[in-house]
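Each residue of the sequence shown is one higher than the last, beginning at -10 in my numbering.
Just so it is clear, CB atoms sit at the ideal spot from N, CA and C, and this is done for glycine as well.
Quick caveat, the model's predicted, so the values are computed rather than measured.
Inspection log for the structure reproduced underneath, given as structure tokens.
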Amino acid sequence: MLRNLFKDGDKSRVESDDAPKKESWFNRLKSGLAKTRNQLISQLSGLLRVGRKIDEDLMEEIEEILIQADVGVDTTLTLMDNVREAVKVKGLDDSSELETVLKAEILKLLGEDVPLQLEGEKPYTILVLGVNGAGKTTTIGKLARRFRRGGHSVLVAAGDTFRAAAADQLAIWCERAGVELIRGGERAEPASVVFDAIHAAKHREADVLIVDTAGRLHTKKPLMDELSKIGRVMSRAHAGAPHEVLLVIDGTVGQNALMQAKIFNEAVPITGVVVTKLDGTAKGGIVIAVNAELGAPVKFIGLGERLEDLRDFERTDFVEALFASDATDA
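See below:
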């Protein structure tokens, strides 16, 4: 069984031995969310001033700001209904009291932190989905390197056989991570490559197998059929596989990324989401909407190209960084 594999805290959590300290990460998180914070909090602060009465006009203004930050219409309406109820129950009257309520209700929408854990018989299989350009290859490389640095044997399967460049890029990341890439010939059947990779991982007693997939969303029906087939092949080749289905979405795309996610979820049920490129967008509110609208938790967020910029998602840190003032010192 793959348990007690890691060195600190929750022993089953995926942590890099060269990960920055929590305080350092918080500063990077706060900095990475600057564009979203400026879009969201700078406008809210003007509304939530001392002395302004809480009324429906104020609530509607807050709704508009949340939607502009790409929290999404449905999630925003749910959030604000919860805020209205909390205000009523607590008997609040001054708008300056709303920030605490907003933070608490956002935390509730984000759900509990659900870190990726290695459990079950080896190899632990991770199927990675996402449209081309979302940061899927980079995410796979970073995960592989983190596992490898944690002392675990890792194989990666190049399941996107329709783009030669995809496997070539993956090969570069695998070389950096010090892990082996299993790839088929050009135009090989993706499910066949994945099947061979599972047997190779078993034969070599690998701890983890990470499977890349194609992301040609413009060919929706064939791609969904292909992903469904890969999922079925994995389950037949190895009990419990895929143990984890991670969807990588580009934070700069905002609500469009969420629509893409729903399409992927139809093919293979998603167990977790990776939101990348949060440092380059004012649409970071998408993180709030993911769990509410997909029913799958955010497990990782990415704030850049460095290894340590892909980190476990922690909802409390996220909300505190989102509402932090520029003067806040972690």
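Quick check: the Cα distance between residue i and residue j, rounded to an integer number of angstroms?
| i | j | result |
| --- | --- | --- |
| T127 | N27 | 27 Å |
| V197 | E282 | 29 Å |
| R138 | G100 | 30 Å |
| I252 | V39 | 44 Å |
| E178 | L118 | 17 Å |
| G274 | L33 | 14 Å |
| G122 | G148 | 16 Å |
| G130 | R165 | 8 Å |
| A93 | D83 | 17 Å |
| L22 | P258 | 29 Å |
| V237 | H141 | 23 Å |
| K191 | V168 | 15 Å |
| A155 | A278 | 29 Å |
| E309 | T25 | 13 Å |
| A250 | G124 | 14 Å |
| V222 | D306 | 38 Å |
| K10 | R300 | Note that K10 has pLDDT 49, beneath the 50 cutoff, so the model's placement of it is unreliable and no number is given. |
| N280 | E194 | 34 Å |
| T270 | D239 | 10 Å |
| F302 | D102 | 7 Å |
| L235 | W162 | 18 Å |
| D298 | W14 | 9 Å |
| M48 | R41 | 12 Å |
| L98 | F136 | 30 Å |
| T89 | A146 | 46 Å |
| I54 | Q158 | 39 Å |
| A160 | V120 | 19 Å |
| Q57 | G174 | 46 Å |
| A75 | K210 | 44 Å |
| N81 | R304 | Reading the sequence as shown, one finds Leu at residue 81 and not Asn. Straight-line Cα distance between these residues: approximately 25 Å. |
| E52 | V276 | 16 Å |
| E86 | S31 | 16 Å |
| D214 | T260 | 19 Å |
| A319 | N245 | Any answer about A319 is weak, because its pLDDT of 40 lies below 50 and its placement is not dependable; what the coordinates show is given next. Rounded to the nearest angstrom, the two C-alpha atoms are 33 Å apart. |
With distances taken from CA atoms, which of the options is nearest residue i?
| i | options | result |
| --- | --- | --- |
| R152 | K125, R205, D185 | R205 |
| G284 | E49, E255, I290, D306 | E255 |
| N16 | D46, D268, E294, L37 | D268 |
| E233 | E74, Y113, V72 | Y113 |
| K79 | K111, I43, G243 | I43 |
| K111 | E215, H188, V242 | H188 |
| D63 | R176, T270, L247 | L247 |
| E294 | L132, A58, S85 | L132 |
| L296 | A160, G174, D157, R134 | R134 |
Could you please give me the residues that DSSP links to residue i through a beta bridge?
| i | result |
| --- | --- |
| K42 | D83 |
| T114 | L198 |
| T265 | D239 |
| D301 | F289 |
| A146 | I171, V200 |
| E233 | I115 |
Is residue i near residue j, with beta carbons less than 8 Å apart?
| i | j | result |
| --- | --- | --- |
| H171 | L144 | Note that residue 171 corresponds to Ile in the displayed sequence, not to His. Their beta carbons are under 8 Å apart, which means I171 touches L144 by this criterion. |
| V72 | L96 | no |
| E50 | L36 | yes |
| I115 | V60 | no |
| L345 | L29 | Here the chain has residues from -10 to 319 only, and residue 345 is not among them. |
| T241 | K218 | no |
| R176 | T202 | no |
| G220 | P231 | yes |
| K77 | A313 | no |
May I ask whether a heavy atom of the ligand SAM can be found less than 7 Å away from the beta carbon of residue i?
| i | result |
| --- | --- |
| Q32 | Although the ligand SAM was asked about, the structure shown includes no ligands whatsoever. |
(message) Would the stretch 219 to 228 count as touching the stretch 181 to 194 if we require 3 or more Cβ pairs under 8 Å?
(response) yes
(message) Any contact between the stretch 244 to 264 and the stretch 288 to 300? By contact I mean 3 or more CB pairs, one from each, below 8 Å.
(response) yes
(request) Mind the definition here: the stretch 51 to 68 touches the stretch 104 to 120 only if three or more C-beta pairs lie below 8 Å; say whether that holds. (result) no
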